[in-house]
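Chains as they are written, first to last, in the numbering used here: chain A, 7 to 99; chain B, 900 to 1390.
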């Protein structure tokens, strides 16, 4: 649930957001690991190259960086919610 | 020395801008009615861009601009792979500490990490341990940064080490003392942009000098094919080692006090959302760009041996003097923006501990106390800066070691008390204390005696020990009382 206008439920939403952030970091790790060692563990002679870079490096470090910058933006756009942070406004004092 | 002094033009321009920002911030300080909130957290008014930039700039230090690329020169693309483990740090720190941290920070009127620890654990011992670790590890980290900066200045301009040290060390101390957190955040923002421009300039210059990425990779292959693998020459970047960097420079960064404090200083939820996006991009761009320069440099300017001199030499080789000056401003910015944040937080810690008895957090202070605090704040910041400056006059040789050591030590002390304090109701003061003491002690002992643990950096066993100590001791002792927990869980 999104927090209501008086800010109740803020912590539940905040906790969920923290979890999303953690999951995204774990996904980033998985991408990094699989592309780097999946494509880069063979002998150097068999490497493929993309735009001059070895494919493992291009996928893990360059595409990985751009992809996860985009995913981070998507995460805050679609999963994070606006909410008041001040306690006075929230409790309606 | 055959140094072209046009190199100093961008640097001088840049320093002048820093002073101007500090003066501008100090006017806000004079008008403010709550000195503590304004001086130490900028009145919690940071917008998205400033938040993102100050977070990234605080985190990126001399080692990202000088040390890291220097290692990448020797290790090849594998070291860049290691550096990009830092891409998630912005969304992790902001996201995991999150809005919960920002809401609680406002509720209890916290301006630093110790305020948070005090409100959560109500223990003088926890706060004392926190202050002690913070000030000690910060001083170590700041000394390393000052030395790194002065050496960079020395090798780029040929001017004396001490002159470089005086020039920018005094600049940092002055603008931090005068302008407080707001000046720090604003100068960090400018420094973030300077770092981006510096990175683009040197990357472009290096690629051009090497005739494009393809030819550079061919040269590297002829030099040593291992430079193109994730493992590096002699399998130096073995898997356990690189994987432990996911802990050291990614996940555990959540516990660094100087980045964490920024997570309670933003204006509203939207600022945080924006900062996650901007911060992630800027962080990844700087890390990827700078470390790639180091790798490319191996093809463009082979045969260099001294790690810390590689980036300056490369700069002078591929860029015209004016642009070399712009690049010099980049790492200087990285260093200054790290030191200024540590300085202001160390000062906040000392002032709060010395002058404010932890009576009622958040209560407004009577006017005479306010005036005393104001003077104490200025004096402490300046004094700390001068101590660090003094220690940097005769540089010890192991600066990289000192820097990473400070990094790990801070994580050992603060990660679990912060994260568990936020998310685990059962976490209590005995647990937090046990975790800090066990963590820092383990870190010291492991660093000195073991160096690597099963091929991993010692931060991994350290954090495991600190977590075990926290959980066991918390569960063995009494749960914190409801009154203490209320501001942390009541919505």
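Every residue gets a Cβ at the ideal spot worked out from N, C-alpha and C, and that includes glycine.
Rounded to the nearest angstrom, the Cβ distance from residue 1352 of chain B to residue 1345 of chain B is 7 Å, consistent with a contact under 8 Å. Annotation: residue 1198 of chain B to residue 971 of chain B spans about 12 Å, alpha carbon to alpha carbon.
Close partners of residue 1390 of chain B in chain A (Cβ separation under 7 Å): 14, 15, 16, 17. Residue B/1181 holds the alpha-carbon nearest to the alpha-carbon of residue 949 of chain B among B/1072, B/1387, B/1181, B/1123. For residue 1351 of chain B, the pairing in a beta bridge is given by DSSP as B/1356. A residue is called buried when at least 16 other Cβ atoms come within 10 angstroms of its Cβ; residue 83 of chain A does not meet this threshold and is exposed. In the three-state scheme derived from DSSP, where H, G and I count as helix and E and B as strand, residue 1364 of chain B is classed as helix.
Residue 1014 of chain B: member of the alpha helix (DSSP H) spanning 1012-1020, first to last residue. It is roughly 10 Å from the alpha-carbon of residue 1012 of chain B to the alpha-carbon of residue 1162 of chain B. The Cβ atoms of residue 1086 of chain B and residue 907 of chain B do not sit closer than 8 Å to each other. Taking 8 Å as the cut-off, the Cβ atoms of residue 982 of chain B and residue 1178 of chain B do not count as close. At a cut-off of 8 Å between C-beta atoms, residue 1172 of chain B counts as an interface residue with respect to chain A. Taking all protein chains shown into account, residue 1347 of chain B has fewer than 16 neighbouring C-beta atoms within 10 Å of its C-beta and is therefore exposed. Contacts with chain A (Cβ-Cβ distance below 7 Å) from the region 1183-1197 of chain B involve 1183, 1187, listed in chain order. Under the 8 Å Cβ criterion, the region 1311-1325 of chain B counts as touching the region 1370-1389 of chain B, having at least three qualifying pairs. Using a 10 angstroms sphere on the CB of residue 1061 of chain B, the tally of other CB atoms stays under 16, which defines it as exposed. Interface criterion not met: the Cβ of residue 959 of chain B is under 8 Å from no Cβ in chain A. Within the same chain, Cβ atoms closer than 8 Å to the Cβ of residue 37 of chain A are found at 66, 70, 73, 74, the five residues on either side in sequence being excluded. With the rule of 3 Cβ pairs closer than 8 Å, the region 1135-1155 of chain B does not count as touching the region 925-939 of chain B.
Contact annotation for residue 75 of chain A against chain B: 1179, 1180, 1183 [CB-CB distance below 7 Å, chain order]. Between the beta-carbon of residue 1153 of chain B and that of residue 1303 of chain B there is about 17 Å, and that puts the pair past the 8 Å contact cut.
A residue is called buried once 16 or more other Cβ atoms fall within 10 Å of its Cβ, and residue 29 of chain A, having fewer, is exposed. Interface criterion met: the Cβ of residue 62 of chain A is under 8 Å from a Cβ in chain B. Closer than 7 Å at the C-beta level to chain A, one finds these residues of the region 1130-1146 of chain B: 1145. The straight-line gap separating the alpha-carbon atoms of residue 1092 of chain B and residue 1105 of chain B is approximately 20 Å. In this structure, DSSP gives residue 1165 of chain B an extended state, which the three-state scheme calls strand.
Leaving aside the five residues that flank residue 1185 of chain B on each side, the residues in its chain whose CB is nearer than 8 Å to its CB run, in chain order, 955, 959, 963, 1094, 1095, 1098.
DSSP places residue 1124 of chain B within a helical segment (H, G or I) once states are collapsed to three.
Residues of the region 1021-1040 of chain B with a C-beta atom less than 7 Å from some C-beta of chain A do not occur.
Between residue 1131 of chain B and residue 974 of chain B, the gap from beta carbon to beta carbon is short of 8 Å. Within the same chain, and ignoring the five residues on either side of residue 1139 of chain B in sequence, the residues whose Cβ sits closer than 7 Å to its Cβ are 1353, 1354, 1355. At a cut-off of 8 Å, the C-beta of residue 65 of chain A has no neighbouring C-beta in chain B. Interface criterion met: the Cβ of residue 82 of chain A is under 8 Å from a Cβ in chain B. Using a C-beta cut-off of 8 Å, the region 1045-1055 of chain B makes contact with the region 1065-1072 of chain B, since at least three inter-stretch Cβ pairs fall below that distance. Secondary structure note for residue 1377 of chain B: it is in no alpha helix (DSSP H), with a DSSP letter that is neither H nor E.
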